[in-house]
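Residue numbers (the numbering used here): 404 to 1082. A virtual CB, placed ideally from N, CA and C, is assigned to each residue, including glycine. Owing to the predicted nature of the structure, the values given are computational and were not obtained by experimental measurement. Everything on this sheet refers to the single structure shown next.
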């Protein structure tokens, strides 16, 4: 919110009156001659820029020609915006010039309390706000210049440190405060002009935030960026932790630009042009205030519309709540009827289930007894069967042992037959040898005598071999007899096992028949049990249906609770909106009080003059002479010079953001005014 004074144009003096006042009071205007010359030059530059802008606009087609079809309202708005841009550019020139001159005269780093630096940031903020598009959000309308400044981080990676440091500050809660902190940090880095130049180089991105005829979209923006390059000479040390940047009021203090400067150029005609320029500045301020008042009126209208809509919604909600309450009563009645029916049906089903459970228990006891008897018989038969199976396993083991013994005997017989075959071959060989010897005996009679002894020895050996052969044959006969006896025993065992197996099979068939009968009986019992289970499932389904109906009733209760919660939330919203309306009324009353304060300050500025240090030798109140120990102090309200004891009070004035030194008389007067305004 910008606080400006609304001044009627009729109250401003004409040029003739100003000239007469200049002639009548030549001594009072001597001090303002240098600043008036600067204002005259600024007005000449303004006129030149205005003329060039009009020419360019006529060439492009912005300004309507005599034969064009544009409406006079559009041309007037365009001229009005051009005047705004020119005025803001001239104010920027003056603020930068005075800031550089004051900084060079001090010769030290500047703090945030330095008035020219504060006014420079105020003017720069007005320049950045010119032509901003209003963005509608859920809360309301938002018009902040921090949006375009955030683009610098994307376009210039060096500015990322500024963005992170601004976002990490916990004291900043609004976009305006973040934008001001960003400007402070950029000025301390001496890169404010570079960052704004990067923004102007990408005007297609700025078009999302600014109107086409905004200052940053026109040539004046480039001129201001060029002027900001001169601020690189200044060293600034600004502390952001203790500053309340969110709630600062951006008011331009014109008293800084109307102070006395020791310059030799003091023509009287320049004063008239300077006063005219001041008149233009005041008109500009008046226009800004009218814009803010219109914005406030629009906000009030919007709030009234939203309040009316909320009241309509409340009425609709109350109607809906009444209808829902009626439906709730109907549902309660239906619920009671359903409960009565369900209780009756549950009682009937309980009695039926009790009777069926008794019958089922009785039949179940008889079946359990039958089942236990059959189970005992099965266990006994299983024991008998296991014993028979063990005997069969023993007999099968004996049979396998007999087969193994038979195989061993067969192997022995085969081995003995092989030995007999080998002995027979030896006999045949001996016979062949005997025949050869016989033939040789016939041929060699002389050798018979020698070999007769050998023959006799061979005959003894043959006799021994024959005896051993007879023994082997006897052993074979004995083995064949033992094998035949074992085969007879195996046949007898097989016959006995076959008889026992037939008897076991008969017993198993009897047991299978008994099991089949028992299985049939079990199936019949299972069928009865299934029928009973089906009936139980039907009863369970009925109970589930009743439970679902109860759950539906609970859901209806929850819906009623939700509707009651919505009703309470709507009441809370209505109360919050009423509080917001009350706060808006308080803000409006506070803004009116601030307007009255600004009027009084302007009246005080018109009535009082700032005394020079050389003009005052005694304190105005106590009339004591100033010395090295008793120093001079200006009252920021009336401009007179007092000693420290007579001006020890401090008060916050509309033209100063912080409490400043005030004399005792002004202190009492301002306190009386504040008490009267508060009452």
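* Under 8 Å between C-beta atoms of residue 490 and residue 687 -> Closer than 8 Å, so yes.
* **Backbone secondary structure at residue 1067 - three-state DSSP** => helix
* Inter-residue spacing [alpha-carbon to alpha-carbon] between residue 628 and residue 595 -> Their Cα atoms are separated by approximately 8 Å.
* Under the three-state reduction of DSSP, which class applies to residue 836: helix, strand or coil? -> helix
* Beta-carbon proximity check, residue 1024 vs residue 1045, cutoff 8 Å -> yes
* Asked: From this set, 1050, 535, 1040 and 1066, which residue's C-alpha is nearest residue 1056's C-alpha?
  -> 1040
* Could you name the residues that DSSP lists as bridge partners for residue 1044? => Answer by DSSP bridge pairing, in chain order: 1037.
* Asked: Under the rule that 16 or more other beta-carbon atoms within 10 Å means buried, what is residue 913, buried or exposed?
  -> exposed
* With a cut-off of 8 Å on the beta carbons, I'd call residue 555 and residue 587 a contact; round off their distance for me. => The beta-carbon distance between residue 555 and residue 587, rounded to whole angstroms, is 15 Å. This is too long to meet the 8 Å contact definition.
* Classify residue 720 as helix, strand or coil using the three-state DSSP reduction. => helix
* What's the gap between the Cα of residue 642 and the Cα of residue 649? -> 15 Å
* Measure the C-alpha to C-alpha separation of residue 1053 and residue 1047 and round it to an integer number of angstroms. => 12 Å
* Please report the Cβ distance between residue 520 and residue 639, rounded to the nearest whole angstrom; I am assuming they are in contact, meaning their Cβ atoms lie under 8 Å. => 7 Å
* To do: Could you tell me if residue 1065 is buried or exposed, where buried requires 16 or more neighbouring beta carbons within 10 angstroms of its beta carbon?
  => buried
* **Rounded straight-line distance, which links the Cα of residue 1073 to that of residue 1080** => When rounded, the separation of the alpha-carbon atoms in residue 1080 and residue 1073 is 10 Å.
* Asked: Taking only runs of the alpha helix (DSSP H) that begin and end inside the stretch 881–956, which ones reach a length of at least 4 residues, in chain order?
  -> none
* For the stretch 504–517 and the stretch 564–575, state whether three or more C-beta atom pairs, one from each stretch, are separated by less than 8 Å. => no
* Under 6 Å Cβ to Cβ from residue 494, same chain only, skipping five residues before and after it: list those, please. => Once the five neighbours on either side are set aside, the close Cβ partners of residue 494 are 526.
* Asked: Measuring from the CB of residue 754, is there a heavy atom of the ligand ADP at a distance below 7 Å?
  -> Of the ligands one can find in the structure shown there are none, so the ligand ADP has no counterpart to examine.
* residue 500 versus residue 602 - alpha carbon distance -> 24 Å
* Going by CA-CA distance only, name the one from 1061, 777, 758 and 969 that's closest to residue 918. => The option with the nearest alpha carbon to residue 918 is 777.
* **Same chain, Cβ closer than 6 Å to residue 1083, five either side skipped, listed in chain order** => Past the boundaries of the shown model lies residue 1083; the chain is included only from 404 to 1082, so the question cannot be answered.
* In angstroms, rounded to a whole number, what distance separates the CA positions of residue 637 and residue 504? -> 10 Å
* Asked: Using the rule of at least 16 other Cβ atoms within 10 Å of the residue's Cβ for burial, across every protein chain shown, is residue 726 buried or exposed?
  -> exposed
* Just tell me which of 998, 691, 560 and 829 has its CA closest to the CA of residue 484. => 691
* What's the C-alpha gap between residue 935 and residue 929? -> 10 Å
* Quick one: which unbroken alpha helix (DSSP H) runs of 4-plus residues sit fully inside the stretch 555–640? Chain order, please. => 563–570, 578–592, 595–604, 606–609 and 622–631
* Between the C-alpha atoms of residue 974 and residue 994, what's the straight-line distance to the nearest angstrom? -> 30 Å
* Asked: Taking the alpha helix (DSSP H) that residue 528 falls in, what are its first and last residues?
  -> 518–532
* Within its chain, find whatever has a CB closer than 7 Å to the CB of residue 1089; leave out the 5 residues flanking it on each side and keep chain order. => Since the first residue of the chain shown is 404 and the last is 1082, residue 1089 is not available in this structure.
* Asked: Hey, how far is the Cα of residue 713 from the Cα of residue 487?
  -> 40 Å
* Using beta-carbon positions only, say whether residue 801 and residue 889 come within less than 8 Å of one another. => The Cβ atoms of residue 801 and residue 889 do not sit closer than 8 Å to each other.
* To do: For residue 632, I'd like the list of residues in its chain whose CB is within less than 7 Å of its CB, leaving aside the five on either flank, ordered along the chain.
  => 596
* Asked: Is residue 1062 helix, strand or coil by DSSP?
  -> In the structure shown, the three-state DSSP call for residue 1062 is strand.
* Option nearest residue 477 by Cα separation, candidates 560, 616, 1061 and 968 -> 616
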